[in-house]
Structure formats: structure tokens, C-alpha cells
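To convert, take the position in the sequence shown, counting from 1, and add 50; that gives this note's numbering.
All C-beta atoms in this analysis are idealised placements derived from N, C-alpha and C, irrespective of residue type, glycine included.
As C-alpha cells, the structure follows; a few thoughts come after it.
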Amino acid sequence: MARIHFENHPEFPYHITARCINRDWFGEDPSEIWKIMSRQLYFVNFAFNLKIHAFVLMGNHYHLIARSPDANLSQAIGYFNRETSREITGISGRINQTYGSRFHRSLIGSPLYYLHAYKYLYRNPVEAGLCLNVEDYPYSSIQGLLGNSWLDIPVCEDDNWGNFANREQTLSWLNRAPIPEHWDLVRKALKKKEFKLSKINREESSLEFNAL
Numbered sequence: 051m052a053r054i055h056f057e058n059h060p061e062f063p064y065h066i067t068a069r070c071i072n073r074d075w076f077g078e079d080p081s082e083i084w085k086i087m088s089r090q091l092y093f094v095n096f097a098f099n100l101k102i103h104a105f106v107l108m109g110n111h112y113h114l115i116a117r118s119p120d121a122n123l124s125q126a127i128g129y130f131n132r133e134t135s136r137e138i139t140g141i142s143g144r145i146n147q148t149y150g151s152r153f154h155r156s157l158i159g160s161p162l163y164y165l166h167a168y169k170y171l172y173r174n175p176v177e178a179g180l181c182l183n184v185e186d187y188p189y190s191s192i193q194g195l196l197g198n199s200w201l202d203i204p205v206c207e208d209d210n211w212g213n214f215a216n217r218e219q220t221l222s223w224l225n226r227a228p229i230p231e232h233w234d235l236v237r238k239a240l241k242k243k244e245f246k247l248s249k250i251n252r253e254e255s256s257l258e259f260n261a262l
């Protein structure tokens, strides 16, 4: 069966994720995996003009929000996955490829949907029980945005962190746990090719009007 053609919308960001083959871990030392991915994201930012909004590395997958003004998202992420796979395979001693399949992307078509995806990305380590607050997780671009550590990933300017007041408000919002039903709605919406919230009892969710 022929692969369905992907139409890139350069004006909108995408939530992108890829998972390690057989749900294995990327490697024993996450700091080394973080260095590899940071270096390759730095490269694709300049080589493919990929605009990176946020990135989180988990134990066996990653979450990325990015936009491709040159409509070359497939090429950029394809290169990123190929090169990170090659490097990770080399240091981990894995015989097989690193990723289990092609990456998944979900078009984020509105500013409110962007906030849902943004919070979902940064809260992933918290919801997985790896930390108490989003700023505590070391393998996240939020560390650099807050000035807590050096960040090699060239993240786009972000109005959520524009000044001290914005910073405090954004952190408070990110660290406020959503109700499980809302978290699950966003999780399922991000599995679709275009982010879309399911209705609840044939009615629109409050997430159509308020951020997660």
C-alpha cells in the first residue's frame, strides 16, 4: 500500500513524538542521550530551518513541538531520527535500530490547542512520576528557558517566559495538575493527525475554551 502523502502546513506547529523499538529504553545514561539529541536538534534547526518550541526526553520516547516554515518537516525529523538512532545505537550496543517506527505528528491548529500540547509536553515527566515539578526534570528544554542550565537546543522566543511575572504565572500553570479526564482528552487528541478534542456526551469539552 502506498504511503499517504503528508501535507505540511508551515504556518502551524506540530507535536512530534517517536518511541524506542519494543518500548525499550534509549540507553543506560540519559545524560548522554540528551547530549546527542540536543546536538542533533541544534543541527536541524539551522540545516532545515526547523523552529523548535519545546522538547522533553523521556526514558523510551521524546516529545517535540516544532514548526517548519520551509515545509520540510518530514525531511528534518527524518534526518533527526536517523542520526540520533545511529549515535544511540553506537553507544548502547543495540543491534537493531533505535526507533520502533516512523515518528508521529499532530497538527496544532490554534493558540489554545498549542497551550494544551505545551503543558502536556512539559508535564509528561511529572505525570510519569519522575519529578514533582516541571522545572525539576533535567532532560527538558524548560531548564534552559528558566536559566537553570545551559541549553544547546535553540528554542524559539516564547511569550510564556517573557518577564518575571510571566515566568511565575507559567510555572504555576504548568505545575497545576489537570484533572485526569482532561489529561486523557489531550493525550488522545495528540494521537490524531490534527489535534482535535473529543466531545463528552455530545457536548464540547471545557478545554475548547480554557487551557489545560
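- For residue 96, there is no enclosing beta strand (DSSP E); the enclosing alpha helix (DSSP H) covers residues 80-97.
- According to the DSSP assignment, residue 112 belongs to the beta strand (DSSP E) that extends over 111-117.
- Looking at the DSSP output, residue 205 sits in a beta bridge with 102.
- Residue 175 is not a Cβ neighbour of residue 119, given a cutoff of 7 Å.
- Taking residue 211 as reference, the option from 196, 225 and 222 with the minimal CA-CA separation is 196.
- The continuous stretches of beta strand (DSSP E) do not include residue 121, and DSSP gives it neither H nor E.
- Going by DSSP, residue 252 is part of no alpha helix (DSSP H) at all; its letter is neither H nor E.
- Around the CB of residue 90, 16 or more other CB atoms lie within 10 Å, so the residue is classed as buried.
- Contact between residue 182 and residue 193 fails: their C-beta atoms lie close to 15 Å from each other, not under 8 Å.
- Contact annotation: residue 199 and residue 105 have beta-carbon atoms that are not nearer than 7 Å.
- With a threshold of 16 other beta carbon atoms within 10 Å, residue 206 falls short and is exposed.
- Judged by their CB atoms, residue 255 and residue 247 are nearer to each other than the 7 Å cut-off.
- Three or more Cβ pairs closer than 8 Å define a contact, and the segment 216-231 falls short of that threshold against the segment 129-144.
- Under the three-state reduction of DSSP, residue 107 is assigned to strand.
- DSSP lists 116 and 157 as the bridge partner or partners of residue 64.
- Sixteen is the threshold: when 16 or more other Cβ atoms of the shown chains lie within 10 Å of the Cβ of residue 173, as they do, the residue is buried.
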